[in-house]
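In this note's numbering, the protein residues as written are 65 to 1155.
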């Protein structure tokens, strides 16, 4: 046995992970320099990462692994390896690669994996691993090595070279930058960067030092985790490719017989690697092309589920479905298999496009019944008029057991959420779906039927410029989330989006749904095509792959590669969701499996059998948890419960998801409709008080019919929820808020009871608040904390909105207990929560919190409410920035300095003036004046409006959220508090612009007709101008008449006329409230003003 160098022992010790240091393999090194300081610093960092600095939560994290403050030191302290002879396998690979450096250096020409036209950053540093991997592969595979051509092997090796560079290039760039700084003055470097001259002398000298003068050893000593990961990656690659070649040799004859029996396949001449996430020791999907032209897909897992699915499609075709599916050939070999390659092909004509989207609907119906999951755009190929699913590992996807499920009674909101995410077509992920990242500051849609345009993100990734030259550097650029288009049909070279084919999707869904009902008895039998799914091993998705990828990217930063503890702490952020409760979670073993995989850069792979509840790690035969509800019986139950009622409901969800994918407040304000002239009274039927009440009752009755009810009497709804940070909508169970949740719906129902005294509306108003009241009084602190992290503190969808809503509903229903609920809710609005607010604006930040708190203070006299409002005001004032026009302003939505009421300066000024009116604290007056002064800098006199900086051309809106109408309301609401000389003129101009706004726009309250109606109504009251009331009434009359003629109100656009949304600000509840307030303005407050 060869003796390995001593420095490798040090690398093993310092690259060891937390779990490894707790094993008998290591002992604590008490003699390490700065021992106590190092341990203390690591504990502080770990606590911050996994528990956001919360000591009690971090203690729970330690207890889950049986640790405390003393024993945890064993996990994060410097350690000594007990067995210094039998080192991990990766150390041998690392040592041999360093020895191979002299062999690999200077012989780049023999490496076909290098492309001079497309260099890989620091590729020369990683060629020793390529040399070593090639030698091992040749030795292990023998003659089978030559089943692949030289070109094919070069492609395989280039994939490894790219992977190693991705791991180590950022660290190498740091070393190169230091090397260059010593040999080149900053001025010379800057000069070179400005010149279009390519020089590689310094770079070559650096590479020579690394390969021949001990530079690699020094690098690995400084970054031992990098050394471990690069060597381990090489080992995994050799193992995986050896396995692939061995399988190819064993299956060669049958591959030809199954996929191309008429032609000799020949040698493999091309491979495409890394076509899937790395699982189970870095195994991935590979596409191979034979000399004959045959393409097949290699998958390193059992393909029984694929066989079962395509067998089902063939059976459906045989039963006479009029739009037959395309099935794929599959060769399954238990632990691996081969699948027919699916090319992207165009459609012949327009009818073929329609058939494609009908088949998408049929596929959606099958996935709905088969409990399919994770059907993102990369898993679908448009092959002519056939959509083909190419990854079926999450079919028959199980549901995780609810902890304490036997004692738990779900309220209506829980039921609505469970239905949508577990028992509706949305769970397939085939439909459009905005997914939030970065605390909601970014959304992305990876569904096949979602928006296909490039989506910006706030994630940054390093981009290498001037690769492998003296000028090489890293530039950090925002990642563009750009979907390919292989999942979309095309004709004559043009990609065809699904937006014009929604009804074809619906028709296909209805077709397969009815087919399944008609063949139900056959399908549930013992020997049916479904029975092949009864004992299949499938993948269980515990978290989105994007979460794992994000965590892994953070852990692979250079500063985390100097010690295994730093890497371990970064991946341990996955433990955060487990720390919400006081008890050890049933699902805690999942985290251990996740951390085990992430420690070796694998995306965790959890699996289960469709008829069992046990969970397995990877392809292990030993389960580590029993926490799932078996999925195959659930499929049979789903099939048995298909009905006309469920079909109607699912179709509604389909249409709603498409609407949510394109809806935004910008669209609502612009309306995408042609402007029309102001209608004359002769063309508009008068809107009497009686007609307004009748219309409001009709709206309430529809809301009542669509309510989801629970045994506890609670009510909830599904609709389009609003994401204010990105101004997008998503189909969801509507939550607690005023803007788009139960508080808003309840407020409308309370107003209707106030006018009609019909008890059913009072009862429904109270029933809709049951989930919120349960949350306030019965939810564990951890659950409440989790919600506060998810929502904001504003007056739209945050805590401020709930406070305001509860106060107003209490007044209308004469229900003082609701005020007690509101006071209890303020306990969640802590100074710490306020200090964390970065939104500031009325709809989602501290300005909105002020208005909610002042409403409660005025109703109860609770001094704590005023104190919190003042803290919110101080927080806003402290966040002010100097603007380009010389006055203080604030970053609002998307870090822009916006005008307007909901998202901009007008709303901030209004909230500060309301607070000043009560406290007389001059800072609040100063802040309000500054906000108004900044907003004036965005005013364009020729247009009579304020620029909207959200739009590329700084165009103009006129709704409550943005533009003249909302600014008029803000100035009116604070007119008695602050009225400098230009205020009256601004109000006059803004109202004039508002009156000219087109009638032919969306109808909703936030940025549509009823927002304008309420603003004109409020202006008429405050300014004693009857003509404004007349305009409000005329607009309302026109809108109601249009809705009656068209069959519904326009909530989002003319193209989305059929979309129903029950919520207040962007749905029918707000329209109903607006109709009531138009006739009872003294009885019902202006919610838009939070009065």
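C-beta: ideal position from N, C-alpha, C; glycine also.
Computed from a predicted structure; not experimentally measured.
**Item:** Buried or exposed (CB count within 10 angstroms, at least 16 for buried), residue 160
**Value:** The residue is buried, with at least 16 neighbouring Cβ atoms inside 10 Å.
**Item:** Same chain, Cβ closer than 6 angstroms to residue 81, five either side skipped, listed in chain order
**Value:** Within the same chain, Cβ atoms closer than 6 angstroms to the Cβ of residue 81 are found at 628, 632, 663, the five residues on either side in sequence being excluded.
**Prompt:** Which first and last residues belong to the beta strand (DSSP E) in which residue 82 is found?
**Reply:** For residue 82, no beta strand (DSSP E) run applies; the uninterrupted alpha helix (DSSP H) run containing it begins and ends at 82 to 85, by DSSP.
**Message:** On a Cα-Cα basis, can you pick out the residue from 450, 400, 412 that is closest to residue 423?
**Reply:** Distance check between residue 423 and each of 450, 400, 412 places 450 closest, using alpha-carbon atoms only.
**Ranges of the beta strand (DSSP E) found wholly within the segment 549 to 615, counting only runs of at least 3** = Listed in chain order, the beta strand (DSSP E) runs fully inside the segment 549 to 615 are 601 to 604, counting runs of at least 3 residues.
**Message:** Only counting the same chain, and skipping five residues up and downstream in sequence, which positions put a Cβ closer than 7 angstroms to that of residue 1153?
**Reply:** Here the set comprises 1033, 1037, 1082.
**Asked** Would you report the Cα separation of residue 923 and residue 839, rounded to the nearest angstrom?
**Response** In this model, residue 923 and residue 839 are separated by some 22 angstroms (Cα to Cα).
**Item:** Simplified DSSP state of residue 1007, which is helix, strand or coil
**Value:** DSSP, reduced to helix, strand and coil, places residue 1007 outside both helices and strands of the structure shown, so it counts as coil.
**Asked** Quick one: Cα of residue 324 to Cα of residue 379, how far?
**Response** Residue 324 and residue 379: Cα-Cα distance of roughly 24 angstroms.
**Prompt:** DSSP on residue 773, reduced to helix/strand/coil?
**Reply:** DSSP, read as helix, strand or coil, puts residue 773 in strand.
**Asked** Is residue 421 buried or exposed, if buried means 16 or more other CB atoms sit within 10 Å of its CB?
**Response** Result: buried.
**Prompt:** Can you give, in chain order, each stretch of the alpha helix (DSSP H) that sits fully within the segment 94 to 153 and has at least 4 residues?
**Reply:** Runs found: 99 to 115, 119 to 128, 136 to 140.
**Item:** Inter-residue Cα distance where the pair is residue 732 and residue 1065
**Value:** Because the pLDDT of residue 732 is 46, which lies under 50, any placement of that residue in the model is unreliable, and the question is left without a value.
**Request:** Please report how far the alpha carbon of residue 235 lies from the alpha carbon of residue 359, in whole angstroms.
**Result:** Rounded to whole angstroms, the separation of the alpha carbons of residue 359 and residue 235 is 38 angstroms.
**For residue 532, the nearest candidate out of 188, 138, 1023, 133 (CA to CA)** = When the alpha-carbon of residue 532 is set against those of 188, 138, 1023, 133, the nearest one is in 188.
**Item:** Outcome for residue 966 when other beta-carbon atoms lying within 10 angstroms are tallied against a minimum of 16
**Value:** Residue 966 should be labelled buried.
**Asked** At which residues does the beta strand (DSSP E) containing residue 396 begin and terminate?
**Response** Residue range 394 to 396 is occupied by the beta strand (DSSP E) that includes residue 396.
**Prompt:** Taking just the CA atoms, how far does residue 197 sit from residue 369?
**Reply:** In this model, residue 369 and residue 197 are separated by some 33 angstroms (Cα to Cα).
**Asked** Do residue 1127 and residue 1078 come within 8 angstroms of each other at the CB atom, strictly closer than that value?
**Response** 8 angstroms or more divides the Cβ of residue 1078 from the Cβ of residue 1127.
**Item:** Inter-residue spacing [alpha-carbon to alpha-carbon] between residue 1014 and residue 1130
**Value:** The alpha-carbon atoms of residue 1014 and residue 1130 are separated by roughly 20 angstroms.
**Message:** Can you tell me where the beta strand (DSSP E) holding residue 450 begins and where it ends?
**Reply:** Note, residue 450: beta strand (DSSP E), 450 to 453.
**Prompt:** Quick one: what's got a C-beta closer than 6 angstroms to residue 438's C-beta in the same chain, skipping five residues either side?
**Reply:** Cβ contact annotation for residue 438 (same chain, cutoff 6 angstroms, sequence separation greater than five): 458, 493, 605, in chain order.
**Item:** residue 182 burial status per 10 Å Cβ neighbour count (16 or more: buried)
**Value:** Flag for residue 182 reads exposed.
**Message:** Only counting the same chain, and skipping five residues up and downstream in sequence, which positions put a Cβ closer than 6 angstroms to that of residue 941?
**Reply:** Taking C-beta separations shorter than 6 angstroms and ignoring five residues to either side along the sequence, the partners of residue 941 in its chain run 987, 991, following chain order.
**Prompt:** Taking C-beta to C-beta, are residue 899 and residue 944 nearer than 8 angstroms?
**Reply:** Not closer than 8 angstroms, so no.
**Asked** Short check: CB of residue 411 to CB of residue 554, under 8 angstroms?
**Response** Going by C-beta atoms, residue 411 is nearer than 8 angstroms to residue 554.
**Message:** Considering Cα atoms alone, identify which of 655, 702, 602 is closest to residue 675.
**Reply:** If we check each option's Cα against that of residue 675, 602 comes out closest.
**Neighbour-count burial assignment, residue 739, 16 or more Cβ in a 10 Å radius** = For residue 739, the pLDDT reaches just 42, beneath the cut-off of 50, and the residue's location in the model is therefore unreliable, although a value from the coordinates is still provided. That one is exposed.
**Request:** Take residue 204 as the anchor and find which of 227, 297, 302 has the nearest alpha-carbon.
**Result:** Checking every option, the nearest Cα to that of residue 204 belongs to 302.
**Message:** Less than 8 angstroms between the C-beta atoms of residue 810 and residue 476, yes or no?
**Reply:** By the CB criterion at 8 angstroms, residue 810 and residue 476 fall outside the cutoff.
**Prompt:** Which value, in whole angstroms, describes the spacing of the CA atoms of residue 54 and residue 1073?
**Reply:** The question about residue 54 has no answer, for the chain in this structure spans 65 to 1155.
**Prompt:** Is it right to say residue 741 is buried, meaning 16 or more other beta carbons lie within 10 angstroms of its own, or is it exposed?
**Reply:** Confidence at residue 741 is low in this model, with a pLDDT of 48, below 50, so its placement is unreliable and the value that follows should be read with caution. Taking every protein chain shown into account, the CB of residue 741 has fewer than 16 other CB atoms within 10 angstroms, so this residue is exposed.
**Prompt:** If you draw a straight line from the alpha carbon of residue 123 to that of residue 721, how long is it in whole angstroms?
**Reply:** Roughly 42 angstroms separates the two Cα atoms.
**Prompt:** Can you find at least 3 beta carbon pairs, one from the segment 386 to 400 and one from the segment 353 to 367, that sit closer than 8 angstroms?
**Reply:** Segments in contact, yes.
**Request:** Could you tell me whether the Cβ atoms of residue 312 and residue 211 are closer together than 8 angstroms?
**Result:** Against a cut-off of 8 angstroms, the Cβ pair of residue 211 and residue 312 comes out as a contact.
**Item:** Inter-residue spacing [alpha-carbon to alpha-carbon] between residue 1003 and residue 1147
**Value:** In a straight line, the C-alpha of residue 1003 is about 35 angstroms away from that of residue 1147.
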